[in-house]
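If you read the sequence shown in our numbering, its first letter stands for residue 226, the second for the next number, and so on. For glycine and all other residues, C-beta sits at the position ideal for the given N, C-alpha and C. The structure displayed is predicted, hence computed values, not measured ones. Worksheet: the structure to be examined is printed underneath.
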Amino acid sequence: MTTRILGTGSALPKTTWTNDDLSAFIDTSDEWIRTRTGIIRRQIAAREESAASLGAEAGRKAIENSGTALEEIEMILAATCSDEGYFPSAACRIQAELGVRGAVCMDINAACSGFLFALHTAHAYVQSGIYQKILVIGTETMSRVIDWKDRSTCVLFGDGAGACVVGKDEKGILGFSQYSDGSRGSVLTGTAATLATPGDGAHPAGALFMDGQAVFRFAVKTVPECIQDTLEKTGKNIHEIDLFVLHQANSRIIHSVAKRLGAPEEKFPINLNEHGNTSAASIPILLDELNREGRLERGSLIMLAGFGAGLTWGTALLEW
Ligand code: ACO
Numbered sequence: 226m227t228t229r230i231l232g233t234g235s236a237l238p239k240t241t242w243t244n245d246d247l248s249a250f251i252d253t254s255d256e257w258i259r260t261r262t263g264i265i266r267r268q269i270a271a272r273e274e275s276a277a278s279l280g281a282e283a284g285r286k287a288i289e290n291s292g293t294a295l296e297e298i299e300m301i302l303a304a305t306c307s308d309e310g311y312f313p314s315a316a317c318r319i320q321a322e323l324g325v326r327g328a329v330c331m332d333i334n335a336a337c338s339g340f341l342f343a344l345h346t347a348h349a350y351v352q353s354g355i356y357q358k359i360l361v362i363g364t365e366t367m368s369r370v371i372d373w374k375d376r377s378t379c380v381l382f383g384d385g386a387g388a389c390v391v392g393k394d395e396k397g398i399l400g401f402s403q404y405s406d407g408s409r410g411s412v413l414t415g416t417a418a419t420l421a422t423p424g425d426g427a428h429p430a431g432a433l434f435m436d437g438q439a440v441f442r443f444a445v446k447t448v449p450e451c452i453q454d455t456l457e458k459t460g461k462n463i464h465e466i467d468l469f470v471l472h473q474a475n476s477r478i479i480h481s482v483a484k485r486l487g488a489p490e491e492k493f494p495i496n497l498n499e500h501g502n503t504s505a506a507s508i509p510i511l512l513d514e515l516n517r518e519g520r521l522e523r524g525s526l527i528m529l530a531g532f533g534a535g536l537t538w539g540t541a542l543l544e545w
């Protein structure tokens with residue numbers, strides 16, 4: 226027995242900003258953003274929207290899609306690195322919005338790898354028999370942690386949430402690989418405004434800093450290695466994989482990973498052109514879109530791959 230994704234859901238803010246919308250207030254262009262990243266537009270949360278409200282909407286849809294009753298959900302894990310405060314957790318606020326009274330709730334922060342790490346945590350709980358049905362959510366309001374004056378990062382991100390319900394089944398997760406390297410953490414940081422001393426340090430307080438090229442090199446090297454790791458652990462080969470659902474950061478990273486693996490680009494679906502980089506939400510949003518388009522066939526092999534701040538990275542192989 227393993228753990229299977231029983232249903233998926235996603236939610237996006239109502240407001241969409243195109244690249245041209247951004248070039249109205251920062252020195253950038255649609256052409257630069259498209260050619261360097263593949264991004265065309267992204268959704269940005271309005272004042273009344275939050276990581277919790279988007280996460281709750283995605284969670285509600287995943288619960289419906291899985292055919293699970295609310296009372297069956299025993300745990301809510303929310304992967305987020307851009308929630309509006311330290312506590313209560315996004316997971317607890319999602320619980321309150323959904324009215325899932327009996328669930329145990331907590332957040333997991335592994336930045337853009339957060340959904341994968343939360344999925345692995347849920348798998349461990351399910352396999353140990355502690356909980357039967359768990360709601361796993363990736364939800365982000367990256368627009369609230371980026372420095373809107375830094376054109377090298379603010380054009381990259383978007384807001385949104387994706388979710389899935391997991392439970393025990395004969396088919397599902399076949400294998401995982403997860404890694405962290407805190408010694409390289411300084412290439413991608415999000416500093417809390419309340420912890421920064423005014424006027425101190427090179428990075429703006431309360432904002433995101435990224436050495437884009439270092440993160441790019443890290444991603445194109447570690448993602449293929451980590452995929453190979455999981456293939457070895459599960460005894461599968463690259464040609465057996467039907468779809469590679471990668472963290473949606475940059476289309477050039479995805480194309481480079483496909484090339485390094487010798488796998489056809491058609492097996493690497495992309496939606497970052499529509500949503501930007503939604504950090505921990507990007508993998509579950511894409512999974513939900515593929516699921517609702519009928520592109521995830523029962524029995525097909527799907528490789529998930531995430532990478533992000535920490536540094537953190539990981540892969541999971543699913544038999545859908
Ligand atoms: N518009 C116009 N020009 C820009 C912009 C912009 N938005 N941003 C930077 N530039 C300029 C720079 O100033 C620079 O100009 P110069 O040559 O005159 O100095 C030039 O464009 C090139 O800048 P680079 O940083 O070298 O551009 P690069 O080709 O490396 O692309 C990018 C930058 C898109 C950020 C790329 O490095 C990348 O995708 N990195 C990976 C990011 C990523 O994957 N993050 C995921 C993790 S996020 C998380 O975990 C929270």
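Straight-line gap, residue i to residue j (C-alpha atoms, nearest Å)
i, j, result
"Leu471", "Ser411", "23 Å"
"Ile548", "Ile258", "Any question about residue 548 goes unanswered here, given that the chain covers just 226 to 545."
"Ile398", "Val390", "13 Å"
"Thr243", "Asn334", "28 Å"
"Leu536", "Leu486", "22 Å"
"Cys330", "Ser314", "8 Å"
"Ser248", "Ala349", "45 Å"
"Ala328", "Ile298", "6 Å"
"Arg318", "Ala294", "19 Å"
"Pro238", "Cys337", "19 Å"
"Phe382", "Asp394", "35 Å"
"Ala388", "Thr233", "6 Å"
"Asp255", "Glu450", "33 Å"
Closer than 8 Å: residue i CB and nearest the ligand ACO heavy atom
i, result
"Gly387", "no"
"Arg569", "Outside the modelled stretch of the chain, which goes from 226 to 545, sits residue 569, for which no answer is possible."
"Arg267", "no"
"Ala303", "no"
"Asp252", "yes"
"His348", "no"
"Trp373", "no"
"Arg376", "yes"
"His480", "no"
"Cys548", "Shown here, the chain extends from 226 to 545; a query on residue 548 therefore has no answer."
"Gln357", "no"
"Gly437", "yes"
"Ile258", "yes"
"Phe493", "no"
"Ser411", "no"
"Leu433", "yes"
"Leu341", "no"
"Gly397", "no"
Continuous beta strand (DSSP E) stretch holding residue i: start and end
i, result
"Ala236", "227-236"
"Cys337", "That residue, Cys337, is in no beta strand (DSSP E); it is neither H nor E in DSSP."
"Glu544", "537-544"
"Ala530", "526-533"
"Leu413", "413-415"
"Thr241", "240-243"
Enclosing alpha helix (DSSP H) for residue i [first to last residue]
i, result
"Leu468", "Premise fails: Leu468 lies in the beta strand (DSSP E), 468-471, not in any alpha helix (DSSP H)."
"Cys451", "437-459"
"Thr253", "Per DSSP, Thr253 belongs to no alpha helix (DSSP H) and is neither H nor E."
"Ala483", "476-486"
"Cys317", "315-323"
"Arg517", "507-517"
"Asp308", "No alpha helix (DSSP H) holds Asp308; DSSP gives it neither H nor E."
"Asn462", "No alpha helix (DSSP H) contains Asn462, which DSSP labels as neither H nor E."
Cβ neighbours of residue i in the same chain (closer than 6 Å, five flanking residues each side left out)
i, result
"Ala474", "Asn502"
"Ala401", "According to the sequence displayed, residue 401 carries Phe and not Ala. His345, Ala541, listed in sequence order."
"Thr455", "Gly400, Ser402, Thr540, Leu542"
"Phe441", "none"
"Phe356", "A quick correction: the sequence has Tyr, not Phe, at residue 356. Answer for Tyr356: Glu299, Met300, Tyr350, listed in chain order."
Beta-carbon proximity list for residue i, same chain, < 8 Å, skipping 5 on both sides
i, result
"Glu465", "Leu526"
"Val370", "Cys306, Ser307, Gly415, Gly431, Ala432, Leu433"
Cβ shell of residue i (< 7 Å), same chain only, five flanking positions each side left out
i, result
"Ser275", "Glu309, Thr366"
"Thr240", "Gln268, Ile269, Ala271"
"Trp545", "Leu521, Glu522, Arg523, Gly524, Ser525, Ile527"
Distance cut-off 8 Å: residue i Cβ against heavy atoms of the ligand FMN
i, result
"Cys317", "Ligands displayed in this structure: the ligand ACO; the ligand FMN is not among them."
Minimum length 4: unbroken alpha helix (DSSP H) runs contained in the region 348-409: Complete alpha helix (DSSP H) runs here, min 4: 376-379.
Unbroken stretches of the alpha helix (DSSP H), 4 residues or longer, contained in the region 268-303: Every unbroken stretch of the alpha helix (DSSP H) spanning 4 or more residues and falling wholly within the region 268-303 is given here in chain order: 276-291.
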